[in-house]
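Visitor: Take a look at the following structure, please.
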Amino acid sequence: AVGQSLNYPDPVCAVKGSTVTLPCTFTPLKSVIQDGREVSIEIVRVVWCQNHEICQGSTPSVYDSESNNNSPRYKYLGDKKGNCTLQISDLQEKDDATLRFRMEAANTGGHHTGPSGVKLTVTDWTRMKTNSCSGDREARRGETVTLCCTSDCTVHQLEITWFRDGHALSESGPALQLGPLTPEDSGNYTCSLKTDVRMLALPYSLHVEAEEEGTNGGTADVLLAVRLLLFTLHTVLIVIVAAIVIKR
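Per this note's numbering, the very first residue in the sequence shown carries number 335; after that it's consecutive.
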């Protein structure tokens with residue numbers, strides 16, 4: 335109907351066990367003509383369902399504003415005015431589906447389901463890996479490097495635990511920044527979901543070169559040699575000048 339619309343996000347890909355938010359907005363009809371008179375529209379029910387084009391009647395729903403049995407994993411963050419945002423936590427394989435939103439009004443003329451829906455793809459945690467966001471260049475002392483926890487698809491609202499050589503780090507989030515680098519930062523880094531630390535991503539090996547032994551001593555020897563050479567040249571110059579003066 336004219337003036338009625340529904341906006342879904344682009345297709346979403348998220349990791350099993352994570353939380354994803356599907357932003358959604360709708361514009362209901364303001365009124366309909368009934369028996370020759372204008373009747374205002376009021377939305378009284380909102381529904382989200384999976385893999386159904388109409389999302390009405392006895393269609394199984396993941397969220398129904400009139401139901402007391404909605405799964406706690408599905409949280410409706412919207413209202414009945416224009417926000418239809420849905421949040422899904424602890425994503426499971428069964429959440430891999432096309433979800434559609436439906437609004438229902440006190441007057442049936444205001445009922446509407448967004449036909450396009452939003453495609454949600456759930457990927458397995460085993461397909462995630464740890465890599466360097468700073469590129470594959472060699473890590474050097476004093477520099478800063480950022481490691482990223484990535485998946486086959488865009489990661490949404492991922493709660494991460496980081497590990498180095500099997501030991502948990504205090505840092506969290508999809509990116510881990512290290513620096514200024516020292517040899518002590520060397521090790522195998524990996525990440526996992528906070529909800530399941532048993533499932534580790536493929537690791538990333540970071541190696542920071544230690545300062546070569548004798549580097550400081552070698553530098554000191556060179557400086558000493560230069561000083562001795564300058565002293566010798568200075569002494570020779572003095573002797574030559576003195577000899578010239580004596581001959582005069």
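A virtual CB, placed ideally from N, CA and C, is assigned to each residue, including glycine.
Since we're looking at a predicted model, the values are computed, not measured.
#1: Quick one: what does DSSP say G416 is sitting in, helix, strand or coil?
#2: DSSP three-state label for I388, please.
#3: Can you tell which of T393, C347, V380 and T524 has its C-alpha closest to the C-alpha of K415?
#4: Could you check where the beta strand (DSSP E) with T353 kicks off and where it finishes?
#5: For a minimum of 3 consecutive residues, which ranges assigned as the beta strand (DSSP E) are wholly contained in the segment 496-538?
#6: Which residue's Cα is closest to the Cα of H386: T529, A431, E543 and I578?
#7: By DSSP, does R371 sit in helix, in strand, or in coil?
#8: At what residues does the beta strand (DSSP E) containing A348 begin and finish?
#9: Helix, strand or coil for T478 per DSSP?
#10: Could you tell me the boundaries of the beta strand (DSSP E) in which D437 lies?
Guide: Taking the structure as given:
#1: coil
#2: coil
#3: V380
#4: Careful: T353 lies outside any beta strand (DSSP E) and carries neither H nor E.
#5: DSSP runs (the beta strand (DSSP E)) wholly in the segment 496-538: 501-506, 509-512, 521-527 and 530-534.
#6: When T529, A431, E543 and I578 are compared, the shortest CA-CA separation from H386 is found for A431.
#7: strand
#8: V346 to V349
#9: coil
#10: A small fix is needed here, since residue 437 is Met in this sequence, not Asp. Counting along the chain, the beta strand (DSSP E) containing M437 begins and ends at A431 to A439.
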